[in-house]
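Chemist:
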Amino acid sequence: MHCPFCHNPDSRVVDTRIADDGASIRRRRECTACKKRFTTLETSSFQVVKRSGVVEPFSRNKVVAGVLRACQGRPVTDDQLAVLAQQVEEQLRSTGVSNVSSEEVGKAILPFLRELDEIAYLRFASVYRAFNTLEDFETEIATLRDRAREQAKPKRSRARTRTHDSTIPTLLDE
Ligand SMILES: [Zn+2]
């Protein structure tokens, strides 16, 4: 880019730093002509295409804003929402595409929100997936119940393994 002071097209990098938890790179540059210094910020181009066709840069704040209403009155903290937004961003970036639709962002939010709070998840899913009938809710709740049952299983089997572990003395051995 051109020097912001004299518009000379050449500059030399004097310092490079990772910024924003690795999401961007900050470079300190020195103009080869006027020797003044300026900073550039590099981020991978990662944008969201809205339903209206408008393209805007991905924003973690928008993810948080998007789930905030669903989390109303739920025991979900701002920190947890910040982590969720980061997970959603990492998940979407890991696909390697530079453009995602707002639907894909919503879809990426769902599994992380489900881990965080099932009620907030249900509220968000009802809007995002446009639940129209009670049956839609019933199906989703049934899926949540199945998942809860599935998750309970490996925990029990882990506990069993532990009691059979020879390094852990148990009362049954005595
Ligand atoms: Zn210059």
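Under our numbering, the first residue of the sequence shown is numbered 3, with each subsequent residue one higher. Glycine included, C-beta positions come from ideal geometry on N, C-alpha and C. All figures in this text were calculated on a predicted structure; none of them were measured in a lab.
Should T42 and R29 be called a contact, given that it needs their Cβ atoms to be closer than 8 Å?
Modeler: In contact: T42 and R29 (Cβ atoms closer than 8 Å).
Chemist: Quick one: is C33 buried, meaning 16 or more other Cβ sit within 10 Å of its Cβ, or exposed?
Modeler: C33 should be labelled buried.
Chemist: Which same chain residues, not among the five before or five after D17, have their C-beta less than 6 Å away from its C-beta?
Modeler: In the same chain as D17, and ignoring 5 residues on each side of it, the C-beta atoms closer than 6 Å to its own belong to R30, in chain order.
Chemist: Roughly how many whole angstroms lie between the Cα atoms of L94 and K109?
Modeler: 10 Å
Chemist: Report the start-end ranges of each alpha helix (DSSP H) in the stretch 16-101 that is 4 residues or longer and not cut off at the edges.
Modeler: Positions of the alpha helix (DSSP H) runs, each at least 4 residues long and wholly inside the stretch 16-101, are given as 62-70, 80-96 in order along the chain.
Chemist: Near R76, which residues of its chain fall below 8 Å by C-beta distance, leaving aside the five closest residues on each side in sequence?
Modeler: Close CB contacts of R76 within its chain, under the 8 Å cut and outside five residues either way in sequence, are with D119, I121, A122 (chain order).
Chemist: According to DSSP, what are the bridge partners of T14?
Modeler: Note on residue identity: the sequence assigns Arg, not Thr, to residue 14. Per DSSP, the beta bridge partners of R14 are E32.
Chemist: Between D138 and the rest of its own chain, which residues show a CB-CB distance below 8 Å, the 5 nearest in sequence each way excluded?
Modeler: Counting only Cβ-Cβ distances below 8 Å, and skipping sequence neighbours, we find S128, R131.
Chemist: So within the stretch 110-145, which uninterrupted alpha helix (DSSP H) runs reach at least 4 residues, ignoring any that extend past its ends?
Modeler: With a minimum length of 4 residues, the continuous alpha helix (DSSP H) runs that stay inside the stretch 110-145 are 120-130.
Chemist: Find out if the Cβ-Cβ distance for the pair L124, E142 is shorter than 8 Å.
Modeler: yes
Chemist: In chain order, what residues of the same chain have a beta carbon less than 6 Å from the beta carbon of F40, not counting five sequence neighbours either side?
Modeler: Answer for F40: P6, R31, listed in chain order.
Chemist: If distances are taken between C-alpha atoms only, which option among S104, Q153, D12 comes closest to V51?
Modeler: Each of S104, Q153, D12 was checked against the Cα of V51, and the nearest Cα belongs to S104.
Chemist: Express the C-alpha separation of V65 and V78 in angstroms, rounding to a whole number.
Modeler: 15 Å
Chemist: Mind reading off the beta-carbon distance from V102 to L86? Whole number of angstroms is fine, and I expect it under 8 Å.
Modeler: About 16 Å separates the two Cβ atoms, so there is no contact after all.
Chemist: Is the beta carbon of K64 within less than 7 Å of some heavy atom of ligand 1?
Modeler: no
Chemist: Going by Cα to Cα distance, which pick from R151, I27, D148, A35 is closest to S13?
Modeler: Minimum Cα distance to S13 is reached at A35.
Chemist: Determine the closest residue to R116 out of R62, Q89, H9, F48, with distance taken between C-alpha atoms.
Modeler: Q89
Chemist: For V107, count neighbouring C-beta atoms within 10 Å of its own C-beta (all shown protein chains included) and say buried if the count is 16 or more, exposed if not.
Modeler: buried
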